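Undergrad:
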Amino acid sequence: MARRFLVSALAVLTLLGSRAARASTPADDAFEEGNRLYNELRYAEALDSYRKVLAAGKRSAELFHNMGNAALQSGHAGWAVYYFEQARRRSPRNPDIGANLALTRRALLGSDPEPSRASILHWSARWVDTLTPARAAMTVLALVWLAVAAILCRWMVPPLEGRRRLLGIGAVAALALAGLLAGMKLAQQSLAPEAMVVQAGAARSEPSDDATVEFRLPAGSPVDLGREDGKWREVQVSESLRGWMEESAIAEFAAPR
Amino acid sequence: MNRLLLAALGCALLFGPALGEPTVEATLEPLDLEVGGRAVLTIIVEGGGSIDDDLRWPLPEGLSVRSAGESRNFSMVNGKFSQSTQRRYLVTPLREGRYELPVLEIHVGGRAYRFGPWALTARAVASQPSPEAPGAGPSRSGSGAIPAVLVEMTVEPSQLFVGQQAILSVRFLQRADIAVYDARFVPPETEGFWKEDLPQIPHGVERRPGATYEVTEIRLALFPTRPGRLEISPARVRVQYRTARRDPFSFFGLSGPDREEEPASAPCIVTVKPLPQPAPPGFTGAVGDYSIRSSFDREAARQGEPINWTVEIRGAGNVTALEGPQFPEIPGCRGLDGGESLDRERDTRIVGGTKRFTRILIPDRAGTIRIPSIAWAHYDPAEGRYVASELAGRDLVVEPALGYADADAKPAERLGEGLRPIFSRTRLHSASAERPWSHPLYAAGVAAPLLALAAIFALRRRREMDRLDPVGARMRAAPRNLRRSLERVGVEREDPWGGLVRGVEDYLCAQYGPEVRGLTRSGLRAHLTEQGCEREATERIVEILEQADARRYLPASAASEDDLREAIRASAESATRLKGGRRG
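Line order of the protein sequences matches chains P and R.
Mapping the first sequence onto the working numbering, position 199 (from 1) lands on 199, and the numbers just tick up by one.
Mapping the second sequence onto the working numbering, position 399 (from 1) lands on 656, and the numbers just tick up by one.
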């Protein structure tokens, strides 16, 4: 009797779990709707639908990739670069995302330069660049656990000199790797540009329409952000290039829109 | 090397003529021409040698001959030098008829060459009503009644507006039977006029009573710059000539006396009227027949990129001094002077051309920029009125600037070429899922194993220390054990005072040695004092133990719960104060 009850309970739980897994959310519906509109060549409407997914607090590399396609097809190349870059940050090794980003950069900037800031640590930086921040964080966590497990094993295994030394080396290596990875990812994150110019515009010396135009930034230019003043935002391209641009022409990576 | 080459060239020039027999040719063309026309006698000597000047060619009357110069040509082919000399003479019939030209004898290098004879036919000039009268030949033309050279000047029209074109014609007439070997033209003074050269009129022949003249005409286009009665001074020609005379033994018969004259034309008076007033808007002084149009060098503009705005004025008039329209200032657009260019067109009577004025526009902002219309006017003297023109305005759509390359301007389908397709599926997640490190569990996940490891490490170390120092371990554990024992005493119903004594004695044993357990209370006092414990605390602990003994072994003695709690508190306090006497 008890066995029958247990089997029935398991079956019900499995059924509920599968239904819960398949249940679509409004964000999923908006994503599907965006895809449908895109395939009907209604790119601007598709972009609006994708933006509803963002408004719902959901996101993914595929979503940003599709947004980049829709933006590009609707003639907003600056936004397309921004969305493709967002997608690349979430899925650095996806060849489709990389190809579209390179294509749009070439169209906008005439070339697809590798950001110099990302290659500071050379090949290791390239490897770190292929990890998303979330994956890097989980890798660090796993390495810590691995190191602790190795230390525990070292304490518990019979005192054979070879195994204990191997476990000790392994534990130290795992901890070192975790620290290195965390440090490099943090450094990379701090060096990565904070925002991108999505509409070409002039950077002025002061937050005013009457202020002198210091320089002009094309769409797709990465910038760091500074102070805010009304509709104006201070942008910095380099140590010597600082100016104020209208906030509507800039999109932050941390707060996609 | 250069010296060697020069030496070789010099030797070739020096000895070349002696190397071979020269070849001499003489031709006369055409043999059928109009009166006053020119037949050219060409003598060519190939292979070196020069033509002797003592040519003998007795010509019949009615022909005039003049030298047209000599040219020499040197060439070197495959290291061999060659030389040719060409001399030309112009033969002009002065009256109609057939002329029998005798054999021409030429002497080259001391050797005589003979050519001809030729028969030359002179026809009457088609435009001339009648042939020249006999006796009007060159021999008589030099007489005082018929001038040898004439200068005539005319202006057409003689009444005009300021800026209107007039044609100044200066004609130099040279009687056909004279040979002019030097002529210097003194142009008239044209103060008050803008002057433009006109193409040269081909030489002509004009018959006047008693003589035939060769006519050379110079034309100028004049544009008066101010109103009033303007005078053009006489044109002059200072000329030296020689009259032809029949002399078969002289060089082509031109052996007459040298003469020099400076004939002058009459002055010309031009009446210049001012332009009617008032002039319409946009009039910049242009007089003539013009048309105007404007164009942009590109249809699509982009912010910050220059656009060439060209206004083109084409027509007849003084285009060189033509002033273009006034370009307006355009809001949102910087304007720079792009210069002007001129393509002249002229024939023998009209000066004109195309003049282009370029304005460089640089849009400062994206959006629609309105290019305003431009008014321009000119005065047309043929119609006697001002003609106003207007270049229509237009809207210029300016797209946002691009940086390094044009991108936004590219059609979407072009940008989309090669674009990878969209993803049909995705797994959406929240923003927090992308930042696992910001979740509290992540920090716990990292810290927990490390803390556990540290705890295990500390525990292991403690155990190890206890193993190596059991007395010390007991001493470290004594306060905790005493606290637990006293807590148990508080809840114990059966023999609580005994529990109190055991707890305190266990503590003292752990701290000051197991021998404490077998001591009397007096001995305990002495032992603790000996151990250096605080005196007051020692007395107090011994007093508590004696009190507990009394409660245990004298049941008659009454003891309340409060006494027990006070004894427990005092025990705990006193035990901690005994520390001064702990064993090392």
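Don't be surprised by glycine CBs; every beta carbon is placed ideally from N, CA and C.
In this text the structure is predicted, and so the values were computed from the model without any measurement.
Residue 354(R) bridges to which residues according to DSSP?
TA: As a first step, residue 354(R) must be located in the second sequence, where it is residue number 97. 379(R), per the DSSP bridge assignment.
Undergrad: Give the residues of chain P in contact with residue 693(R), contact being defined as C-beta atoms less than 7 angstroms apart.
TA: Counting from 1 along the second sequence, the entry for residue 693(R) is found at position 436. The contacting residues are 134, 137, 138.
Undergrad: Just the Cα atoms here: how many angstroms apart are residue 742(R) and residue 757(R)?
TA: Here residue 742(R) refers to the residue found at position 485 when the second sequence is read from its first residue. Here residue 757(R) refers to the residue found at position 500 when the second sequence is read from its first residue. So the two alpha carbons sit approximately 7 angstroms from each other.
Undergrad: Would DSSP call residue 638(R) helix, strand or coil?
TA: Looking up residue 638(R) in the second sequence gives position 381. Three-state result, residue 638(R): coil.
Undergrad: Comparing alpha-carbon positions, which option in 737(R), 351(R), 343(R), 516(R) lies nearest residue 764(R)?
TA: Counting from 1 along the second sequence, the entry for residue 764(R) is found at position 507. With distances taken between Cα atoms, residue 764(R) lies closest to 737(R).
Undergrad: Taking the alpha carbon of residue 250(P) as the reference point, which residue from 216(P), 199(P), 240(P), 27(P) has its own alpha carbon closest?
TA: Stepping through the first sequence from its first residue, residue 250(P) is reached at position 250. Nearest of 216(P), 199(P), 240(P), 27(P) to residue 250(P), Cα basis: 199(P).
Undergrad: State the DSSP-derived secondary structure class of residue 328(R), mapped to helix, strand or coil.
TA: Your numbering for residue 328(R) matches position 71 in the second sequence. Strand at residue 328(R).
Undergrad: I'd like to know if residue 684(R) contacts chain P, where contact means its C-beta is closer than 9 angstroms to some C-beta of that chain.
TA: Here the question's residue 684(R) lines up with position 427 in the second sequence. Chain P contact via Cβ: present.
Undergrad: What are the residues in the stretch 46 to 68 of chain P lying within 7 angstroms of chain R by C-beta distance?
TA: Listed in sequence order: 53, 57, 58, 59, 60, 62, 63, 65, 66.
Undergrad: In three-state terms, what does DSSP make of residue 363(R)?
TA: The sequence position of residue 363(R) within the second sequence is 106, counting from 1. The answer is strand: DSSP assigns residue 363(R) an E or B state.
Undergrad: Is the separation between the beta-carbon of residue 617(R) and that of residue 581(R) shorter than 9 angstroms?
TA: By 1-based counting over the second sequence, the position of residue 617(R) is 360. By 1-based counting over the second sequence, the position of residue 581(R) is 324. In this structure, residue 581(R) does not lie closer than 9 angstroms to residue 617(R) by Cβ.
Undergrad: Exposed or buried, residue 62(P), counting other C-beta atoms within 10 Å across all chains shown (16 or more means buried)?
TA: Taking the first sequence and counting its residues from 1, the one referred to as residue 62(P) is at position 62. Buried, by the Cβ-count rule.
Undergrad: How long is the line joining the alpha carbons of residue 285(R) and residue 602(R), rounded to whole angstroms?
TA: Reading the second sequence from its first residue, position 28 is the one you call residue 285(R). Reading the second sequence from its first residue, position 345 is the one you call residue 602(R). Near 38 angstroms, if we compare the C-alpha coordinates of residue 602(R) and residue 285(R).
Undergrad: With a cut-off of 9 angstroms, does the C-beta of residue 127(P) fall near any C-beta of chain R?
TA: By one-based count along the first sequence, residue 127(P) stands at place 127. No, its Cβ sits nowhere closer than 9 angstroms to a Cβ of chain R.
Undergrad: Express the C-alpha separation of residue 648(R) and residue 90(P) in angstroms, rounding to a whole number.
TA: In the first sequence, residue 90(P) corresponds to position 90, counting from 1. In the second sequence, residue 648(R) corresponds to position 391, counting from 1. Between residue 90(P) and residue 648(R), the C-alpha separation is close to 57 angstroms.
Undergrad: I'd like to know whether the C-beta of residue 618(R) is nearer than 9 angstroms to at least one C-beta of chain P.
TA: Residue mapping note: residue 618(R) aligns to position 361 of the second sequence, counting from 1. By this cut-off, residue 618(R) is not an interface position.
Undergrad: Taking only beta-carbon atoms, is residue 216(P) less than 9 angstroms away from chain R?
TA: On the first sequence, residue 216(P) is found 216 positions in, with the first residue counted as 1. Closer than 9 angstroms: yes.
Undergrad: So with Cβ pairs under 9 angstroms, would you call residue 719(R) a contact of chain P?
TA: Against the second sequence, residue 719(R) aligns to sequence position 462. Not closer than 9 angstroms to any Cβ of chain P, the Cβ of residue 719(R) fails to qualify, so no.
Undergrad: Which two residues bound the contiguous beta strand (DSSP E) that contains residue 431(R)?
TA: Along the second sequence, read from residue 1 onward, the residue named residue 431(R) stands at position 174. That run of the beta strand (DSSP E) goes 423 to 432.
Undergrad: Which same chain residues end up closer than 6 angstroms to residue 403(R) when comparing Cβ atoms and leaving out the 5 residues on each side of it in sequence?
TA: Walking along the second sequence from the start, residue 403(R) turns up at place 146. Counting only Cβ-Cβ distances below 6 angstroms, and skipping sequence neighbours, we find 467, 468.
Undergrad: Quick one: which chain R residues come within Cβ less than 8 angstroms of residue 31(P)?
TA: Working through the first sequence from its first residue, we reach residue 31(P) at position 31. Result: 683, 685.
Undergrad: Can you give me the C-alpha to C-alpha distance between residue 807(R) and residue 795(R), rounded to a whole angstrom?
TA: On the second sequence, residue 807(R) is found 550 positions in, with the first residue counted as 1. On the second sequence, residue 795(R) is found 538 positions in, with the first residue counted as 1. Residue 807(R) and residue 795(R): Cα-Cα distance of roughly 18 angstroms.
Undergrad: Grab me the residues of residue 178(P)'s own chain with a C-beta within less than 6 angstroms of its C-beta, minus the 5 sequence neighbours each way, in chain order.
TA: Taking the first residue of the first sequence as 1, we reach residue 178(P) at position 178. Contacts found: 140, 143, 144.
Undergrad: Determine, using beta carbons only, whether residue 676(R) comes closer than 9 angstroms to chain P.
TA: For the purposes of this step, residue 676(R) is identified with residue 419 of the second sequence, where counting begins at 1. Output row for residue 676(R): interface = yes.
Undergrad: Under the assumption that residue 832(R) contacts residue 761(R) (Cβ atoms under 8 angstroms), give the Cβ distance between them as a whole number of angstroms.
TA: Position 575 of the second sequence, counted from the start, is the residue given in the question as residue 832(R). Position 504 of the second sequence, counted from the start, is the residue given in the question as residue 761(R). Right, their Cβ atoms sit about 7 angstroms apart.
Undergrad: From which residue to which residue does the alpha helix (DSSP H) around residue 820(R) run?
TA: By one-based count along the second sequence, residue 820(R) stands at place 563. Looking at the DSSP string, the run of the alpha helix (DSSP H) that includes residue 820(R) is 818 to 834.
Undergrad: Any beta carbon of chain R sitting closer than 9 angstroms to that of residue 188(P)?
TA: As a working note, residue 188(P) is residue 188 in the first sequence. Chain R, which has no Cβ nearer than 9 angstroms to the Cβ of residue 188(P), makes this no.
Undergrad: Quick one: give me the first and last residue of the alpha helix (DSSP H) that residue 153(P) is part of.
TA: Counting from 1 along the first sequence, the entry for residue 153(P) is found at position 153. Start and end: 133 to 156.
Undergrad: Taking any Cβ of chain P, which residues in the stretch 693 to 716 of chain R have a Cβ under 8 angstroms from it, in chain order?
TA: Cβ contacts with chain P come from 693, 694, 699, 702, 703, 706, 707, 709, 710, 713.
Undergrad: Going by DSSP, name the residue or residues bridged to residue 526(R).
TA: Numbered from its first residue, the second sequence carries residue 526(R) at position 269. Paired residue(s): 488(R).
Undergrad: Interface residues of chain P around residue 657(R) at Cβ under 7 angstroms?
TA: Against the second sequence, residue 657(R) aligns to sequence position 400. Per Cβ cutoff of 7 angstroms: 199, 200.
Undergrad: Look at the alpha carbon of residue 322(R) and the alpha carbon of residue 500(R), and state the distance between them as a whole number of angstroms.
TA: Taking the second sequence and counting its residues from 1, one reaches residue 322(R) at position 65. Taking the second sequence and counting its residues from 1, one reaches residue 500(R) at position 243. Spanning the two alpha carbons is a distance of roughly 11 angstroms.
Undergrad: What are the boundary residues of the beta strand (DSSP E) that residue 497(R) is part of?
TA: Position 240 of the second sequence holds residue 497(R). Here the beta strand (DSSP E) through residue 497(R) covers 493 to 500.
Undergrad: List the DSSP bridge partners of residue 599(R).
TA: For this step, residue 599(R) is matched to residue 342 along the second sequence. Answer is 612(R).
Undergrad: Going along the stretch 559 to 587 of chain R in order, which residues come within less than 8 angstroms of chain P, judged by CB to CB distance?
TA: Cβ contacts with chain P: 560, 561.
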